[in-house]
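Colleague: With this note's numbering, the residue at position 309 of the sequence shown is 372, and numbering never jumps. Starting off with a structure, shown below.
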Amino acid sequence: MELQPFHSDIIIEPFRIRSVEPIRFTTMDERRQLLEKAGYNPFLLKAKDVLIDLLTDSGTGAMSSAQWAGMIASDESYAGSSSFYKLESAVQEITGFKHLIPTHQGRAAENILFTTIAKDGDVIPSNTHFDTTRAHVEHAGAEARDLVIDEGRQPRSLYPFKGNMNLDKLEQTIQEVGADRIPVIMITVTNNSGGGQPVSMENIKEVSNIARTHNIPFFIDACRFAENAWFIKSREEGYADKTPLEIAQEMFSYADGCTMSAKKDGMANIGGFLALNSDEWASQCRNLEILTEGFPTYGGMAGYDMEAVATGLYEALDEDYLRYRIRSIAYLGDKLTEAGVPIVQPTGGHAVYLDAAEILPHISSRQYPAWSFNNTLYLLGGVRGVEIGTVMFGMQPNGTEQPAAMELVRLAFPRRMYTQSHVDYLAEVIISAYEQREMLGGYEIVSAPQVLRHFSAKLKPID
Ligand code: F0G
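This is the structure:
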């Protein structure tokens, strides 16, 4: 008898925990009072009253000991800080882009880019613009146009790259508005607003070809570039033997620049950047950066933030980390699917999206089913997600309310924060809420501002 190699299908957390943060248990009675006091709006809860916080994966993750070590050894010089050059070399190795413009977070990079390159009457196509991207495009007077493939809008479709751009619609848009009115074509990887779904390398290449044929620059919203690289590695032919870094490098090689929120795949709590090849645009963007963010070798970041991001970008590309990351999201998705809970399929890179319209058909959009289900998760288990439905998207610029296209609850996972037992617990909470769905009622808005009302609206349950 010879000793057989051990094999396990269990994907364990590829780290050990050396610093811990207690989480606080509350009773259901306490949570009922806390939620009422918060105007039934989870954004207005205190974080200490939340047991498992899945509001966002942005800036909420755990940093590594290597990141913290870099923070202590940072260079806080106003000009020419060595922490800037470390970040610049990381960004250049991964993206290949010539110029790095650091910013305090992703939306600041969007502001600088679109203020510089877009104007009244322009159109900026993307698979799906994230809210802040859309807001900055519109702020510059341009139109943000979403051209994701049809499968990207079908929660049940199992298509492996539901974040892909519809190439026919892209060509049509260019014919219709003319290349001179399209300052840039964007693609968001992964497609956050469309369920965290990936974009294939083939699609990125084809969008790039179309952009180059028409002489239009092509930029990537790269917030979750490493997660996208992992999906390409595991789903697209020809990439299984490539490293996530090689795949990321190829993705960026087809583009002329990117905007980045380092709060996602930069594995940091704050930070972002704009990276691009054009000397002319870079010089214009730097002028605006000095005005709004800071001197070009720190932008909106402290030296220690740049250190954290420079190290974090590589940690996000680590294969063991990515395998665990994507698997832990799919693990929750599988448990929910087995229990019959409808979710957006297949699970994306950073979040599970529950389909509240399907779960609560007896609650009309005007009574906010996703809001109701999300609040139920808090009441039952101290879990906080976010409604992506009619409260978030229903208010029109003319003051009327329209039902949103989908009623989703997004449960976004902070990076390297929760373990498998947290996820097991989470599944139980969601399944319990699902089993009691017929008892759940809708909500009405008591007070809300005109814009971005989900952040501060007060609601109450309808009897
Ligand atoms: N682009 C995408 C695809 C995003 O998901 C975000 C942020 C941004 C840009 C803006 O970056 O927050 O650093 O200014 N998404 C967060 C979320 C807020 O919860 O999905 P930022």
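Here a beta-carbon is modelled for each residue, glycine too, at the ideal position from N, C-alpha and C. A quick note: this is a predicted structure, and the numbers were derived from the prediction, not measured.
Please report how far the alpha carbon of residue 384 lies from the alpha carbon of residue 462, in whole angstroms.
Modeller: Using only the alpha carbons, I get a separation of about 45 Å.
Colleague: Taking residue 422 as the reference, which of 519, 413 and 434 has the closest Cα?
Modeller: The shortest C-alpha separation from residue 422 is found at 434.
Colleague: Is the segment 383 to 401 in contact with the segment 228 to 237, if contact means three or more CB pairs nearer than 8 Å?
Modeller: Touching, no.
Colleague: CA-CA distance, residue 432 and residue 404?
Modeller: Near 15 Å, if we compare the C-alpha coordinates of residue 404 and residue 432.
Colleague: Tell me the start and end of each unbroken beta strand (DSSP E) in the segment 194 to 223 that is at least 3 residues and wholly inside, in chain order.
Modeller: Entirely contained in the segment 194 to 223, the beta strand (DSSP E) runs reaching 3 residues are, in chain order, 206 to 209.
Colleague: Here's the rule I'm using: 16 or more other beta-carbon atoms within 10 Å means buried, otherwise exposed. How should residue 356 be labelled?
Modeller: Classification of residue 356: buried, given that the 10 Å Cβ count is 16 or more.
Colleague: Between 452, 175 and 279, which has its C-alpha nearest residue 257's C-alpha?
Modeller: Among 452, 175 and 279, the Cα nearest to that of residue 257 is on 452.
Colleague: Could you have a look at residue 238 and say whether DSSP puts it in helix, strand or coil?
Modeller: DSSP places residue 238 in helix when its eight states are reduced to three.
Colleague: Which same chain residues end up closer than 6 Å to residue 246 when comparing Cβ atoms and leaving out the 5 residues on each side of it in sequence?
Modeller: Same-chain partners within the cutoff: 180, 181 and 185.
Colleague: I need the straight-line Cα distance from residue 472 to residue 67, nearest angstrom please.
Modeller: So the two alpha carbons sit approximately 45 Å from each other.
Colleague: Could you give the DSSP three-state label for residue 67: helix, strand or coil?
Modeller: Looking at residue 67 - three-state DSSP - the assignment turns out to be coil, as it is neither helix nor strand.
Colleague: Under a Cβ-count criterion, where at least 16 other Cβ atoms within 10 Å of its own Cβ denotes burial, should residue 493 be classed as buried or exposed?
Modeller: Classification of residue 493: buried, given that the 10 Å Cβ count is 16 or more.
Colleague: Using a 10 Å radius around the Cβ and a threshold of 16 neighbouring Cβ atoms, would you call residue 118 buried or exposed?
Modeller: Result: buried.
Colleague: Measuring alpha carbon to alpha carbon, tell me which residue in 515, 513, 508 and 514 is nearest residue 521.
Modeller: Selected option, being the one with the closest Cα: 508.
Colleague: May I ask which residues mark the beginning and end of the alpha helix (DSSP H) holding residue 103?
Modeller: Counting along the chain, residue 103 falls outside any alpha helix (DSSP H), and DSSP gives it neither H nor E.
Colleague: Could you tell me whether any non-hydrogen atom of ligand 1 is closer than 6 Å to the CB of residue 324?
Modeller: Correct: residue 324 has its Cβ closer than 6 Å to ligand 1.
Colleague: Could you say which of 105, 114 and 65 lies nearest to residue 85 if we only look at CA atoms?
Modeller: For residue 85, the nearest C-alpha among the options comes from 114.
Colleague: Compare the Cα-Cα distances from residue 231 to each of 200, 371 and 212 and report the closest residue.
Modeller: Among 200, 371 and 212, the Cα nearest to that of residue 231 belongs to 212.
Colleague: Determine, using beta carbons only, whether residue 321 and residue 285 come nearer to each other than 7 Å.
Modeller: In this structure, residue 285 lies closer than 7 Å to residue 321 by Cβ.
Colleague: How many angstroms separate the CA atom of residue 108 from the CA atom of residue 439?
Modeller: Each residue's alpha carbon lies about 14 Å from the other.
Colleague: Looking at the secondary structure, which residues open and close the beta strand (DSSP E) in which residue 322 lies?
Modeller: Note, residue 322: beta strand (DSSP E), 320 to 324.
Colleague: For the putative contact between residue 191 and residue 254, defined by C-beta atoms under 8 Å, what is the C-beta separation to the nearest angstrom?
Modeller: Residue 191 to residue 254, Cβ: 5 Å. Contact.
Colleague: In whole angstroms, what is the alpha-carbon distance linking residue 448 and residue 343?
Modeller: Their Cα atoms are separated by approximately 42 Å.
Colleague: Going by CA-CA distance only, name the one from 188, 352, 228 and 282 that's closest to residue 241.
Modeller: Here the closest residue by C-alpha is 188.
Colleague: Identify, in the order they occur along the chain, each residue of the same chain with its Cβ nearer than 7 Å to the Cβ of residue 305, setting aside the five sequence neighbours on each side.
Modeller: Here the set comprises 296.
Colleague: Whole angstroms are fine: how far does the CA of residue 76 sit from the CA of residue 133?
Modeller: For residue 133 and residue 76, the distance between alpha carbons rounds to 23 Å.
Colleague: With residue 369 as the anchor, note down where its alpha helix (DSSP H) starts and where it stops.
Modeller: Counting along the chain, the alpha helix (DSSP H) containing residue 369 begins and ends at 366 to 378.
Colleague: Are residue 411 and residue 259 closer than 7 Å when you measure CB to CB?
Modeller: Yes, the Cβ-Cβ distance between residue 411 and residue 259 is below 7 Å.
Colleague: Which of the three DSSP states, helix, strand or coil, is assigned to residue 431?
Modeller: Residue 431 falls in the coil class under three-state DSSP.
Colleague: Opposite residue 174 in the DSSP bridges: which residues?
Modeller: For residue 174, which the question treats as bridged, DSSP gives no partner whatsoever.
Colleague: Can you name the residues that DSSP bridges to residue 254?
Modeller: Per DSSP, 260.
Colleague: Hey, quick one: how far does the beta strand (DSSP E) through residue 138 stretch, first residue to last?
Modeller: Residue 138 -> no beta strand (DSSP E), and no H or E assigned at all.
Colleague: Using only alpha-carbon positions, find the residue among 506, 499, 486 and 497 that is nearest to residue 116.
Modeller: Answer by Cα proximity: 486.
Colleague: Please classify residue 334: is it buried, with 16 or more other beta-carbons within 10 angstroms of its beta-carbon, or exposed?
Modeller: Per the 10 Å Cβ criterion, buried.
Colleague: Between the Cα of residue 105 and the Cα atoms of 526, 125, 437 and 428, which residue gives the shortest distance?
Modeller: Of 526, 125, 437 and 428, the residue nearest in Cα terms is 437.
Colleague: Verify whether the separation of the beta carbon atoms of residue 331 and residue 338 is less than 7 Å.
Modeller: Going by C-beta atoms, residue 331 is not nearer than 7 Å to residue 338.
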